[in-house]
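In what follows, a structure is listed as structure tokens, so that the remarks can point back to it.
Here's what the structure looks like:
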């Protein structure tokens, strides 16, 4: 040891203290005087580089390097050198005299000479972690359990807290040796209270504390405080721990830190000191010191190499021995064919377990299964698994070996498995001396088998989540086929969980394939269960795996032969839409559904496709797909199935309208396109309108009305000021038409009924008091949409009942949706301007052409019936009276008025109103109006109940039947005939019969040609459907009398008109059952009279009549011979093939109009 006035700290090498402790190294217990608290007494290892900066990152390796000091390496030179304090600090840290360095650091602080090296070292928690290269020897020489550095609780500052110890893989064992490394209490107290050491909080510390405080506030429902705290720290993302900037796992919450701060100890982690490193310019060491350090390093490195080579050779030998043992055991297993005989460990004569015991199962699946033979197998597994851990500890520089972190985690996991296994497989040892072979042979009589797949699975016990998943993946494909079809849905949770967690893509694909093929033809409940599972799977695994794993299963079943399976695919596409990437939604899924909509023949599948397309439209955000969506809408609307049509109106159109609203193209593109297609259809259909296509376009427009109204009120001038405050008046139940689905409910589109109620109040006030100035969306409806619709209505054929009904319903929904004020101030004035129902225009036929169009019935039934209050009913009555009067006085066709009566008459609520209108016509001063009223009764009688007919209709008709004008009386005949056809009351029928008899028997009507024509026409129309007694006693005798009288008609034109009308009537009545007496006395005589007329007027008809008479005579003769007298059917007599052929041939020779012939066959009911 060198002597001198100055103290050289390098002269006090650690070899002396090491030599004192060397005889006791095998003892793990140490006294307080063995060295500084917390000192690591292990050997020293230097890096190859001689730069002093590398000293602090050295690894302790071999005991052969103990006692090497700088002074010895320097050759015992006596030069006295004053070494800088930084070099002393470096040496202390290099030799891991941590607490000595801490005391040194404290003394420097108190002296006002803070050293950056020590300050940085003690502020870095990574310096107090276990080094990855620490050999097992260090555990015996100064480490606690698991080779950790035991740190006193007194120096646990925030920056030195080891958060990793709370992680899942941290060491949670109780350190029983913390007291050996603690600083004395007085020193600890001084350290805590020293004002020089209480440094200002660092930025990373502040961010870490902020994160933990915010987490604490949220967990304990201090939400307002958490919001305020977050606002005050807006530079930090409290949702993400990584935003803090510390390269450590997220710590536990503050409560756990508080509870465990007193028993804190660091966990096993591999860390490197990155906070200490001196620059060459900081060291002012003389040349001899550098040379000594370089020599010491070289000596240490050579010793390290020797020690590593020795350990590698030792491990290789152990590896070969274990490999041979594995081969031996594998051979024995193959020989025994894995008979799964549970042989407990046997005790030999010496009392030690037998070493030649054969294990009964081998661990597979990456050691996730434990051998069930006993603790010996577990210990052997632990020995085998310890091999790579040793290699990684001592030779971690080799790139082909696992990393230290992986091996450490695996070792901890395996140790936990072994401890559990040992605790669960302890058995009582038999106090017997039988050989293991005898025991094994004895147990072979137990009938256990591991030869099969199932036996192999049973013989292994899963002990982790991953191994359970693997086992389920192997077993489920064999379980599913053996489960009853009615109960297979019980397997859905198992299949889905396994598919979610299984690590192998092929196995996941197989499991999902099983899921979609689980049930041959799944019913509604089973499909819903599978869909629920698919959605849960998608939420768990994310969009990427849904695209890669679930969608291929759907694609495979898109053409499956069972419609239930294709239905499952269609429903899956909609259910999974929210969890798919947006590119896939708008491309692959949309194409799949479009293909199924076009090709699938099952209605229920196409219905589900349409609903899924609607869901897709709710998530799509690619504007380029608008055209495709529009074509899909038209395609679905043209579907022949009512189920598909219903689905398109309930789901697809509302979703598509919502998307077009966001695009801003509802008013600018979608509705104008539909209107232009309707106009084009009307232009092409002047000679034959395609009513089906018109229905498609118009129904689509009708379903868009709620979305249009939502756009109007959401873009109104008052929208920005509409707020929910105070009491809001509820919306009337009848304010809006009943929606086809919740998606067409305006409240759903707006967001809530409360918000809609506020907007409706402001909407009505705006329309009534402030007008529409600046209200662009509503002005578009008033100035563009309504005029175009009214123009289209004027071009519709009024005779098309279907078109009139469709447009009436459209205007009714439009007016009811936009409200009464809008209807009265915006819609009605535009119709009234077109119709021009003023007194001065009554006689002007030129200006009233619009009254004969469909505008009249659509305005009456679609606009004037929207609201049913007294003033609304009066307005409707007045309009119909004006139209009836105007058309009658103008001698215009009554088709528009008839269409109005037919449409309104379908609703019993308007029967009284219509009778009021007709009574206005009955008492009108003009005979033309009275005549029109009489003809309107014919349309009304069919839908009115018999009470109203008896009380209101028949009295009005009897009044008209005695009108001074003969034309009015004649106009009542069709209405009387309709009553005979529809009414069943005998008294009422007798009154009508008497009135008709007066027309036929009164001498004043004998020469009334028009009256006779109307009666014969009415008899032919109502005869087949009238009461048989009325037909037999009244119709047939009077037809016979009219036919007989027509033979004496001198005016040939009148005679021909009556003859042709009689031919049609007899053709219709020939289909009825007629008694033999009537046949002989009235029917055949009437036919003979008619044949007499046709001989001169129409020979073609005479041939047909002759054939009919001949057949009737033949049938009457046959009936009289073979059967008693009774009823017979002329139609039945014409069934024979010969008669039918003759009849058709004769009919083909006729030159009469096709309308008359068609009328003949229409009455064959």
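In this note's numbering, the protein residues as written are 227 to 1391. Ideal placement from N, C-alpha and C gives every residue a C-beta, glycine not left out.
Top-ranked residue by Cα proximity to residue i, from the options
i	options	result
residue 1195	1215, 1163, 1169, 1216	1163
residue 911	1018, 1011, 958	1018
residue 737	1284, 701, 753, 662	701
residue 1171	1151, 1150, 1233, 1133	1133
residue 827	1006, 849, 786	786
residue 1078	1109, 860, 1160	1109
residue 909	773, 1023, 930	1023
residue 1333	429, 882, 1317	1317
residue 329	315, 1029, 1118	315
residue 914	808, 1026, 928	1026
residue 1245	1230, 1265, 1004	1265
residue 1043	1031, 1088, 1061	1088
residue 462	437, 452, 448, 473	437
residue 792	696, 807, 818	818
residue 1174	435, 1209, 811	1209
residue 813	790, 773, 1135	773
residue 1238	1121, 1254, 1285, 993	1285
residue 922	864, 523, 1178, 1217	864
residue 982	1004, 320, 958, 966	958
residue 924	899, 945, 944	899
residue 1402	1106, 806, 1009, 1186	Residue 1402 is absent from the structure shown; the chain starts at 227 and stops at 1391.
residue 465	440, 1062, 484, 485	440
residue 1447	988, 431, 445, 1084	Outside the shown range of the chain (227 to 1391) lies residue 1447, about which nothing can therefore be said.
Three-way DSSP call (helix, strand, coil) for residue i in this model
i	result
residue 537	helix
residue 476	coil
residue 977	coil
residue 921	helix
residue 656	coil
residue 1048	helix
residue 984	helix
residue 1079	coil
residue 1024	coil
residue 340	coil
residue 1038	helix
residue 531	helix
residue 943	coil
residue 758	helix
residue 1336	helix
residue 447	coil
Under 8 angstroms, with one C-beta from each stretch per pair, do the segment 778–786 and the segment 745–752 reach the 3-pair mark? no
Closer than 8 angstroms is the cut-off here; do at least three beta carbon pairs connect the segment 975–983 with the segment 927–944? yes
Where in the segment 1125–1173 do unbroken runs of the alpha helix (DSSP H), each at least 4 residues long, occur, reported from the N-terminal end onward? 1137–1148, 1153–1167
Unbroken alpha helix (DSSP H) runs of length 4 or more, entirely within the segment 782–851: which are they? 789–801, 816–825, 829–845
Report the residue ranges of all alpha helix (DSSP H) runs contained in full by the segment 1246–1330; include only those spanning at least 4 residues, in chain order. 1262–1272, 1278–1295, 1310–1323
Could you tell me which whole alpha helix (DSSP H) segments of length 4 or greater appear in the segment 1182–1224? The segment 1182–1224 contains these whole alpha helix (DSSP H) runs: 1192–1197, 1199–1208.
For the structure I just gave you, are there three or more beta carbon pairs, one from the segment 874–892 and one from the segment 850–861, closer than 8 angstroms? yes
Count the C-beta pairs between the segment 952–962 and the segment 994–1003 that are closer than 8 angstroms, then say yes if the count reaches three, no if not. no
Pairing CB atoms from the segment 867–879 with CB atoms from the segment 825–840, are three or more of them under 8 angstroms? yes
For the pair the segment 1311–1328 and the segment 1279–1296, tell me if three or more CB-CB distances fall below 8 angstroms. In this structure the segment 1311–1328 lies against the segment 1279–1296, because at least three pairs of beta carbons, one per stretch, are closer than 8 angstroms.
Three or more C-beta pairs closer than 8 angstroms, one from the segment 835–845 and one from the segment 924–935: is that the case here? no
Within 8 angstroms, do at least three Cβ pairs link the segment 754–763 to the segment 791–805? yes
Would you be able to state if there are at least three C-beta pairs under 8 angstroms between the segment 432–448 and the segment 466–473? Taking a cut-off of 8 angstroms on C-beta distances, the segment 466–473 touches the segment 432–448, as three or more cross pairs fall below it.
Touching by the beta-carbon criterion (3+ pairs, under 8 angstroms), the segment 1304–1313 and the segment 1250–1265: yes
Touch check for the segment 1144–1162 and the segment 1179–1188: three-plus C-beta pairs under 8 angstroms? By the Cβ criterion, the segment 1144–1162 is in contact with the segment 1179–1188, since at least three pairs of Cβ atoms, one from each stretch, lie closer than 8 angstroms.
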